[in-house]
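First comes the structure, then the notes that go with it.
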Ligand SMILES: Nc1ncnc2c1ncn2[C@@H]1O[C@H](COP(=O)(O)OP(=O)(O)OP(=O)(O)O)[C@@H](O)[C@H]1O
Ligand SMILES: [Mg+2]
């Protein structure tokens, strides 16, 4: 089979419906899972810094388990494993006019649970990066520990979190493709299905790659805008990174002082 | 102004003393950091309205003593009453001390202002927000009222034009004045200053000392760790000299600074003054 330019061009500019739907699904999976992951990560980070030992152990254990196992295995356990064991089986869920297939729910849950563990480490490091004097100043004014965390520590930590969070989301957009293993029809599986009907493997996956890079590049632009705004609001915490570096260097967006890259380990 | 003879007898609970007489009443305070004996049998009484300046060489325990006064550090032995209450501890029927609840410690700290060497302003908040935060969150003051009060306090420290500035946009001296205003916003009965001017460029020391002087003349009870001898001479009712975790000498500034009894005080002063 020779390379077919016209097939490629056609696929690129007139993709079949399954492609477009896959891409849309990829985006909303990533957005929802990231949002849930951030919430879970915050909770876990607070638990890790709790004064209660059981909470610290629980959060630490969770992070250890999740970061120590592959996402693929987690997805299969959550979707297929739990239903095989009769523990829980994800069925279609209807919320008003929207119906969410079980596999999508399982996909979101898997990604969110996974992401929560990574976000927890990023947030914990961000919390720890806030100078101890801040908590002491808050305490000296009569703020309780919770209040100090909420009004003094977290707002400062969040600025440190923004750049690595952007990278997490970039990664999330791509990682959704792993959910094809449980049969979730996102962009990658849509491409695979199309491939098995046409056998234009190279062209199809080239176009798929283009779709992914359009999504991640668009996100880089959004991320840059967010960081610029954050900086404009009097924050000297976030270091701005030129777009060129953002796209090509692969390092953490704002070069956070906490080494998020080392923290995350191999996924 | 001298606290001599003012020692009130502790009442039944041991936590109440006669209101308005003693701001600080510490007896036999010990503090260890690991094997390091940082406060060694320190006793200190400060009357309400009094200004006490603590001097002493680096590592002598001045900061630690100040931090114990609002329970940022816990004492290991001894008895410490601030504003008439055991600070950070509660005494049970058998006379044993137990650490207080977090809520109770926070409540006590409202009445004790602390000014840090490195300001510790909240960098994500403007000057007026820095000042209003605790009144709003802790004292549950209405927001508008707290901001009004914040502006009044800013005017009092000579910074009425800086209310919308973030700490990063202020000079060191301005930051420290905001920090003082922030502490005052909780209407403390006692103010603690830990080398409030030593992180400042020389030309900014004066503006901060002026604010502290004014506070003293308004009758605020102040414990000031400082090596500003001019301030000590002019403002202090008493100068306390610490060395190696002990108070080795205390008295009116003229006595301690001009004719120190202890040779370590003499040695220390000759180093600071030259
Ligand atoms: N958190 C801590 N852990 C262990 N040791 C400490 C701690 N804080 C202070 N120390 C030690 O306790 C001693 C007294 O320290 P402190 O800060 O009270 O001295 P200081 O009189 O304030 O000195 P300086 O003039 O340098 O500020 C020092 O030897 C110091 O190293
Ligand atoms: Mg000190």
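Protein chains in written order, with this note's numbering: chain A, 121 to 387; chain B, 55 to 328. Glycine included, each C-beta is placed from N, C-alpha and C at the ideal position.
Contact list for residue i against chain B, beta-carbon separation under 9 Å
i: residue 311 (chain A); result: Chain B residues near residue 311 (chain A): none, gap ~44 Å exceeds 9 Å.
i: residue 276 (chain A); result: 176, 177 and 178
i: residue 256 (chain A); result: 121, 126, 168, 170 and 174
7 Å Cβ cut-off: residues of chain B touching residue i
i: residue 253 (chain A); result: 170, 172 and 174
i: residue 271 (chain A); result: 187 and 191
i: residue 264 (chain A); result: 156, 157 and 160
i: residue 267 (chain A); result: 191
i: residue 329 (chain A); result: Result: empty, since nearest Cβ-Cβ is about 40 Å, beyond 7 Å.
Partner residues on chain A for residue i, Cβ-Cβ distance less than 8 Å
i: residue 321 (chain B); result: Ordered by position in chain A, no residue passes the 8 Å Cβ test against residue 321 (chain B), which lies about 32 Å from the chain.
Chain-ordered chain A contacts of residue i [CB-CB under 7 Å]
i: residue 124 (chain B); result: 260
i: residue 306 (chain B); result: Chain A residues near residue 306 (chain B): none, gap ~29 Å exceeds 7 Å.
Residue i: contacting residues in chain A (beta-carbon distance under 9 Å)
i: residue 196 (chain B); result: Here the premise fails: no neighbours, minimum Cβ distance about 17 Å.
Where residue i meets chain B, residues with beta-carbon distance less than 8 Å
i: residue 154 (chain A); result: Going along chain B, no residue has its Cβ under 8 Å from residue 154 (chain A), so there is no contact; the nearest lies around 24 Å.
i: residue 194 (chain A); result: Ordered by position in chain B, no residue passes the 8 Å Cβ test against residue 194 (chain A), which lies about 36 Å from the chain.
Residue-level contact to chain D via CB, residue i, 8 Å cutoff
i: residue 163 (chain A); result: This model lacks chain D altogether, as its protein chains are A and B.
(request) May I have a chain-ordered list of the alpha helix (DSSP H) segments no shorter than 4 residues that lie completely inside the segment 222 to 299 of chain B? (result) 226 to 238, 256 to 271 and 283 to 289
(message) To be precise: take each residue of the segment 151 to 164 of chain B, compare its Cβ to all Cβ atoms of chain A, and keep it if any distance is under 9 Å. Which residues remain?
(response) 156, 157, 159, 160, 161, 162, 163 and 164
(message) Runs of 4 residues minimum, wholly inside the segment 107 to 154 of chain B: which ones carry the alpha helix (DSSP H) assignment?
(response) 116 to 123
(request) Check whether the segment 260 to 280 of chain B touches the segment 174 to 185 of chain B, taking contact to mean three or more Cβ pairs, one atom from each stretch, closer than 8 Å. (result) no
(request) Quick one: residues with CB closer than 5 Å to any heavy atom of ligand 1, in chain order, please. (result) B:87, B:92, B:112, B:113, B:114, B:115, B:116, B:117 and B:118
(message) Any C-beta of chain A within less than 9 Å: which residues of the segment 235 to 247 of chain B qualify?
(response) 236, 237, 239, 240 and 246
(message) Residues of the segment 337 to 352 of chain A in Cβ contact with chain B at a cutoff of 7 Å, in chain order, please.
(response) none
(request) Inspect the CB distances between the segment 289 to 297 of chain B and the segment 101 to 110 of chain B and report whether three or more fall short of 8 Å. (result) yes
(request) Taking only runs that begin and end inside the segment 224 to 262 of chain A, name each unbroken alpha helix (DSSP H) of 4 or more residues, in chain order. (result) 252 to 260
(request) Decide if the segment 209 to 221 of chain B is in contact with the segment 172 to 182 of chain B; the criterion is three or more beta carbon pairs, one per stretch, under 8 Å apart. (result) yes
(request) Let me know the alpha helix (DSSP H) ranges lying completely inside the segment 131 to 194 of chain A, each 4 residues or longer, listed in chain order. (result) 137 to 168 and 173 to 187
(request) May I ask you to verify whether the segment 149 to 162 of chain A touches the segment 223 to 231 of chain A, counting CB pairs closer than 8 Å and requiring at least 3? (result) yes
(message) Count Cβ pairs between the segment 269 to 282 of chain A and the segment 248 to 258 of chain A that sit closer than 8 Å; are there 3 or more?
(response) yes
(request) Could you tell me which uninterrupted alpha helix (DSSP H) segments, each at least 4 residues in length, are contained entirely in the segment 315 to 355 of chain A, listed from first to last along the chain? (result) 321 to 352
(message) Under 8 Å, with one C-beta from each stretch per pair, do the segment 255 to 273 of chain A and the segment 230 to 238 of chain A reach the 3-pair mark?
(response) no
(message) List, from N- to C-terminal side, the beta strand (DSSP E) runs of 3 residues or more that fit wholly inside the segment 159 to 221 of chain B.
(response) 166 to 169
(message) Three Cβ pairs or more, each shorter than 8 Å: is that satisfied between the segment 299 to 310 of chain B and the segment 85 to 100 of chain B?
(response) yes
(message) Quick test of the definition: if touching needs 3 or more C-beta pairs under 8 Å, does the segment 141 to 158 of chain B touch the segment 268 to 275 of chain B?
(response) no
(message) I want to know whether the segment 112 to 127 of chain B touches the segment 197 to 204 of chain B - three or more CB-CB distances under 8 Å.
(response) no
(message) Within 8 Å, do at least three Cβ pairs link the segment 282 to 301 of chain A to the segment 336 to 348 of chain A?
(response) yes
(message) Closer than 8 Å is the cut-off here; do at least three beta carbon pairs connect the segment 240 to 247 of chain A with the segment 163 to 170 of chain A?
(response) yes
(message) Check whether the segment 263 to 270 of chain A and the segment 205 to 217 of chain A are in contact - that is, three or more C-beta pairs closer than 8 Å.
(response) no
(request) Please determine if the segment 230 to 243 of chain B and the segment 149 to 167 of chain B are in contact, where contact requires at least 3 C-beta pairs separated by less than 8 Å. (result) yes
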